[in-house]
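Shown next, in structure tokens, is the structure this report addresses.
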Amino acid sequence: MTSGLINTGALVKMLYSSLLASIGTAVVFAAAILGAVRASDMRRANRSAAAVAYAAVATVGVLVVVAVIVYGLLLIARK
633 MTSGLINTGA LVKMLYSSLL ASIGTAVVFA AAILGAVRAS DMRRANRSAA AVAYAAVATV
693 GVLVVVAVIV YGLLLIARK
């Protein structure tokens, strides 16, 4: 009886989508933290080019995470 009430296809899609989004966001945020830490280390070691590259990685990572959060909030607001 309840199998007719539950859309299993949509449930499975929601499951793998949320799993992929959460793992992906965590990995990107970890890369942003790594970039920030390495940029600081490179600045202390007077390696400006490497510091700028790592700072760019950190900036892009943070921007991607913020974009994912905003996109998620927009999806929630549209429902």
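Just so we're aligned: the sequence shown equals residues 633 to 711 in the working numbering.
Yeah, the Cβ is synthetic: ideal placement off N, Cα and C, and Gly gets one too.
Here the structure is a predicted model, which means the values were calculated and not measured.
1. Please go through the same chain and pick out, in chain order, the residues whose beta-carbon is closer than 7 Å to the beta-carbon of A683, but skip the five residues on each side of it.
2. When you compare only the Cα positions, how much space is there between Y648 and A658?
3. For the alpha helix (DSSP H) containing I701, name the first residue and the last one.
4. Does the distance from the C-beta atom of V700 to that of G636 stay below 9 Å?
To lay it out plainly:
1. The residues are A671, M674, R675.
2. Taken atom to atom, the span from the alpha-carbon of Y648 to that of A658 is near 15 Å.
3. First-last of the alpha helix (DSSP H) with I701: 680-710.
4. The beta carbons of V700 and G636 sit no closer together than 9 Å.
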